[in-house]
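S.K.: What follows is a structure written as structure tokens; I'll ask about it next.
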Amino acid sequence: MIVLYSGQMDENTEKRIYDLLSKKMTGDASTEELQALENLLFRYPEFRFLHDELGKPDYDQDAAAERALQAFAVHYYGKFSQDMAAAGHDDKASTRLLVPIVKQRSGKVWLKAAAVIAVPFLLGLGFYLSLHDTEADDISAGKDVSEMVTQKASKSKIRLPDGTTVMLNADSKISYSKNFGAHSRSVILEGEAYFDVVSNAESPFVIHTENADIRVLGTTLNVRSYPGEAKFETSLINGKVEVSLKNSKKAFILKPSEKLVLPKNNVSALNLTQVRMLDSAVVETAWIKGQLSFVDEPFSAIAAELERQYNVTFEFNNTDAMQHRYTGIFDKTKIEDVLNILKLIKPFNYTITNNTVIIF
Numbered sequence: 001m002i003v004l005y006s007g008q009m010d011e012n013t014e015k016r017i018y019d020l021l022s023k024k025m026t027g028d029a030s031t032e033e034l035q036a037l038e039n040l041l042f043r044y045p046e047f048r049f050l051h052d053e054l055g056k057p058d059y060d061q062d063a064a065a066e067r068a069l070q071a072f073a074v075h076y077y078g079k080f081s082q083d084m085a086a087a088g089h090d091d092k093a094s095t096r097l098l099v100p101i102v103k104q105r106s107g108k109v110w111l112k113a114a115a116v117i118a119v120p121f122l123l124g125l126g127f128y129l130s131l132h133d134t135e136a137d138d139i140s141a142g143k144d145v146s147e148m149v150t151q152k153a154s155k156s157k158i159r160l161p162d163g164t165t166v167m168l169n170a171d172s173k174i175s176y177s178k179n180f181g182a183h184s185r186s187v188i189l190e191g192e193a194y195f196d197v198v199s200n201a202e203s204p205f206v207i208h209t210e211n212a213d214i215r216v217l218g219t220t221l222n223v224r225s226y227p228g229e230a231k232f233e234t235s236l237i238n239g240k241v242e243v244s245l246k247n248s249k250k251a252f253i254l255k256p257s258e259k260l261v262l263p264k265n266n267v268s269a270l271n272l273t274q275v276r277m278l279d280s281a282v283v284e285t286a287w288i289k290g291q292l293s294f295v296d297e298p299f300s301a302i303a304a305e306l307e308r309q310y311n312v313t314f315e316f317n318n319t320d321a322m323q324h325r326y327t328g329i330f331d332k333t334k335i336e337d338v339l340n341i342l343k344l345i346k347p348f349n350y351t352i353t354n355n356t357v358i359i360f
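With UniProt numbering applied, the sequence shown covers 1 to 360.
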């Protein structure tokens with residue numbers, strides 16, 4: 001099942017929201033219509049993001065429309081494939097039903113309501129705190145170390161000795177000293193993890209990664225640091241963290257709903273931007289709920305994530321397809337379903353043989 005909204009909504013209500021947003025943009029909305037829009041935004045808060053985006057002076061309508069259309073296709077592919085499966089039809093019937101609906105919704109009103117599902121933000125973030133402690137040194141040296149490792153296509157949840165909980169994503173590893181908490185609280189992360197850190201002002205919690213160290217007191221945050229990926233990411237949900245870049249004098253203090261993005265090959269490109277939320281669920285942590293999420297990501301990057309989540313290998317015989325970009329959030333389902341959604345948005349062909357996905 002594809003998930004792009006927080007609650008059930010019939011198509012007439014959905015269209016009503018788009019119509020009212022369009023009228024507000026053009027200044028044609030009456031007082032009653034503006035009030036009706038506010039009532040609907042209160043009832044369906046995921047559309048509040050669209051409302052706010054449309055009000056920005058630098059809003060790129062054409063680009064957002066394309067992203068929205070992609071996410072829209074994801075939503076309705078899931079809806080109609082379920083309906084057709086229940087009725088005993090095949091996937092081709094689902095596609096034939098979907099395409100005209102997408103075209104019908106890609107007119108003026110939809111373009112004005114462009115960003116709705118397409119940009120459930122929080123791309124990810126990154127930073128480095130260059131903090132060294134004896135625990136971290138012991139872990140690196142392999143002295144009395146405890147490790148938790150997740151394989152591809154799996155996740156794990158652990159509780160550290162101080163009560164901090166960690167959700168570990170696929171193909172990830174967290175290491176910590178068996179003396180954790182005696183003098184400091186340090187862990188080393190490879191991969192992606194969601195931390196709910198127990199507050200202790202006298203003993204800051206430090207997350208060491210290949211690219212950054214993150215110093216926190218009591219905080220909820222997501223950290224992504226996979227070897228081989230082009231950027232390091234972290235997102236602060238609650239609390240406060242202090243960040244300094246490795247091999248740099250730059251330092252940052254992050255507050256809730258802020259993010260820092262660190263391109264591994266270009267530290268000078270570092271930027272701080274506001275985190276976006278969709279119905280109180282940030283994109284970076286969608287994986288905790290068993291969902292896959294992509295925001296304007298190239299197929300090559302999506303393939304790397306699918307390799308981790310499904311324990312498969314991708315081969316691209318179609319180099320153009322590697323650059324296709326996609327946006328959407330959907331429940332983790334069979335990899336064939338994911339690929340069928342992506343090829344519906346931007347065409348390509350594929351075969352799967354012995355856990356190898358060949359794109360052509």
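We put the CB at the ideal spot given by N, CA and C, even for glycine.
Among Ile359, Ala286, Lys255, Asn317, which one has its Cα closest to the Cα of Ala193?
M.R.: Here residue 193 is taken as the residue at index 193 of the sequence shown, counted from 1. Checked all of Ile359, Ala286, Lys255, Asn317; the closest Cα to Ala193 is Ala286.
S.K.: Taking only the alpha-carbon atoms, compute the straight-line gap between Ala73 and Glu305 and give it to the nearest angstrom.
M.R.: Translated into the one-based positions of the sequence shown, residue 73 becomes position 73. Translated into the one-based positions of the sequence shown, residue 305 becomes position 305. For Ala73, the predicted structure reports a pLDDT of 47, less than 50, and the residue's modelled location is therefore unreliable. A value from the coordinates is still provided. For Ala73 and Glu305, the distance between alpha carbons rounds to 21 Å.
S.K.: If you run the structure through DSSP and keep just helix, strand and coil, what is Ser175?
M.R.: Position 175 of the sequence shown, counting from 1, holds the residue named residue 175. In this structure, DSSP gives Ser175 an extended state, which the three-state scheme calls strand.
S.K.: Could you give the first and the last residue of the continuous alpha helix (DSSP H) run that contains Leu40?
M.R.: Counting from 1 along the sequence shown, the entry for residue 40 is found at position 40. Its alpha helix (DSSP H) spans residues 31 to 43.
S.K.: Taking Gln309 as part of the alpha helix (DSSP H), name the residues at either end of that continuous run.
M.R.: Numbered from its first residue, the sequence shown carries residue 309 at position 309. 299 to 310 is the extent of the alpha helix (DSSP H) around Gln309.
S.K.: What do you get for Gly163, buried or exposed, if any count of 16 or more other CB atoms within 10 angstroms of its CB means buried?
M.R.: Along the sequence shown, read from residue 1 onward, the residue named residue 163 stands at position 163. So Gly163 ends up on the exposed side.
S.K.: Should the region 330 to 344 be called in touch with the region 286 to 303, which here means at least 3 C-beta pairs below 8 Å?
M.R.: yes
S.K.: Three-state secondary structure (DSSP) at Asp144?
M.R.: Here residue 144 is taken as the residue at index 144 of the sequence shown, counted from 1. In the structure shown, Asp144 sits in coil (DSSP, three-state: anything other than H, G, I, E or B).
S.K.: Contact check, Val261 vs Val241 under 8 Å by CB: the rounded distance?
M.R.: For the purposes of this step, residue 261 is identified with residue 261 of the sequence shown, where counting begins at 1. For the purposes of this step, residue 241 is identified with residue 241 of the sequence shown, where counting begins at 1. Not quite, the Cβ-Cβ distance comes to about 15 Å (not below 8 Å), so this is no contact.
S.K.: Give me the residue from Glu258, Leu236, Gln323, Val206 with the minimum Cα distance to Ser177.
M.R.: One-based indexing of the sequence shown puts residue 177 at position 177. Answer by Cα proximity: Val206.
S.K.: Helix, strand or coil for Tyr18? Go by DSSP, reduced to three states.
M.R.: Mapped onto the sequence shown, residue 18 falls at position 18. Tyr18: helix per DSSP, three-state reduction.
S.K.: If we ignore side chains and look at the alpha-carbon of each, how far apart do Val223 and Lys334 end up?
M.R.: Position 223 of the sequence shown, counted from the first residue, corresponds to residue 223. Position 334 of the sequence shown, counted from the first residue, corresponds to residue 334. Roughly 26 Å between the two C-alpha positions.
S.K.: Go through its chain and collect everything with a Cβ distance to Asn317's Cβ below 7 Å, but skip five positions before and after it.
M.R.: Along the sequence shown, read from residue 1 onward, the residue named residue 317 stands at position 317. Result list for Asn317: Ile358, Ile359, Phe360, in chain order.
S.K.: So, using beta-carbon positions, are Ile288 and Met167 closer together than 7 Å?
M.R.: Taking the sequence shown and counting its residues from 1, the one referred to as residue 288 is at position 288. Taking the sequence shown and counting its residues from 1, the one referred to as residue 167 is at position 167. Contact: yes.
S.K.: Considering only their Cβ atoms, is the gap separating Asp213 from Gly191 smaller than 7 Å?
M.R.: Numbered from its first residue, the sequence shown carries residue 191 at position 191. Numbered from its first residue, the sequence shown carries residue 213 at position 213. In this structure, Asp213 does not lie closer than 7 Å to Gly191 by Cβ.
S.K.: Where do the N-terminal and C-terminal ends of the beta strand (DSSP E) with Asn222 fall, by residue?
M.R.: Your numbering for residue 222 matches position 222 in the sequence shown. 220 to 225 is the span of the beta strand (DSSP E), which, as asked, contains Asn222.
S.K.: Going by DSSP, which residues form a beta bridge with Met167?
M.R.: Counted from its first residue, the sequence shown places residue 167 at position 167. According to DSSP, which records beta bridges pairwise, Met167 is partnered with Lys157, Tyr194.
S.K.: If you draw a straight line from the alpha carbon of Lys23 to that of Glu38, how long is it in whole angstroms?
M.R.: Here residue 23 is taken as the residue at index 23 of the sequence shown, counted from 1. Here residue 38 is taken as the residue at index 38 of the sequence shown, counted from 1. When rounded, the distance between both Cα atoms is 13 Å.
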